[in-house]
Each structure stands twice: as structure tokens, then as C-alpha cells.
Amino acid sequence: MPTLLLLLLLLLLHYYYYYYIHYYTTTTTTTTLLLRTTLLLLRLRLLLRLRRRRETTTTTTTTTTKTTTTAAAGCCGSAL
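Taking our numbering, the leading residue of the sequence shown gets 141, the next gets one more, and so forth.
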């Protein structure tokens with residue numbers, strides 16, 4: 141059974157190499173490949189920038205309440 145899975149994996153790798161890597165490198169020019177790669181990198185950079193901006197804009201607001209206590213007359217020697 142493991143040999144069958146290994147054979148299937150090798151077949152898939154061969155398919156990937158032949159149809160994607162070999163086909164695109166032989167039929168398209170280097171300029172086109174560089175342009176595609178550059179556009180992909182720019183798109184990823186934009187997505188990362190938008191994700192960072194979204195993380196920084198979600199801020200939590202905290203509210204503080206001020207409590208005042210009045211001491212009773214005769215407590216701790218305070219005179220009101």
C-alpha cells in the first residue's frame with residue numbers, strides 16, 4: 141500500500157512539472173514570467189498591508205470610573 145501511494149505521489153509531481161513548470165517556461169517568454177511574478181508579489185504585499193491596517197484599526201476602548209469616598213466623622217481622626 142505505501143508503494144502505491146508513493147507511485148501516485150510521483151505521478152502527481154510529474155504532472156505538476158510537465159504541465160505547469162515545463163509548459164510555462166517553454167511557451168511563454170521570460171518577461172511574461174517576471175511580470176506575472178511581480179504582480180503576484182505586489183498583490184501579496186497589498187494583502188499583508190491591508191491585514192496590518194485592519195489589525196491596527198480595531199482598538200478596544202476602556203472606560204474609567206472615578207469613585208469618591210467620604211470619611212465618616214471620627215474615623216481615622218479626620219474632621220469634616
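We treat Cβ as the ideally placed atom computed from N, Cα and C, and that holds for glycine.
Can you give me the C-alpha to C-alpha distance between residue i and residue j, rounded to a whole angstrom?
i	j	result
Arg176	Leu182	10 angstroms
Pro142	Tyr155	20 angstroms
Thr197	Thr170	41 angstroms
Leu148	Tyr163	21 angstroms
Ile161	Leu190	31 angstroms
Leu184	Leu153	26 angstroms
Between which two residues does the alpha helix (DSSP H) carrying residue i extend?
i	result
Tyr157	Here Tyr157 belongs to no alpha helix (DSSP H), and DSSP marks it neither H nor E.
Thr196	170-197
Can you determine whether any heavy atom of the ligand GTP sits closer than 7 angstroms to the C-beta of residue i, and answer yes or no?
i	result
Arg185	Within the structure as shown, the ligand GTP is missing, as the structure has no ligands at all.
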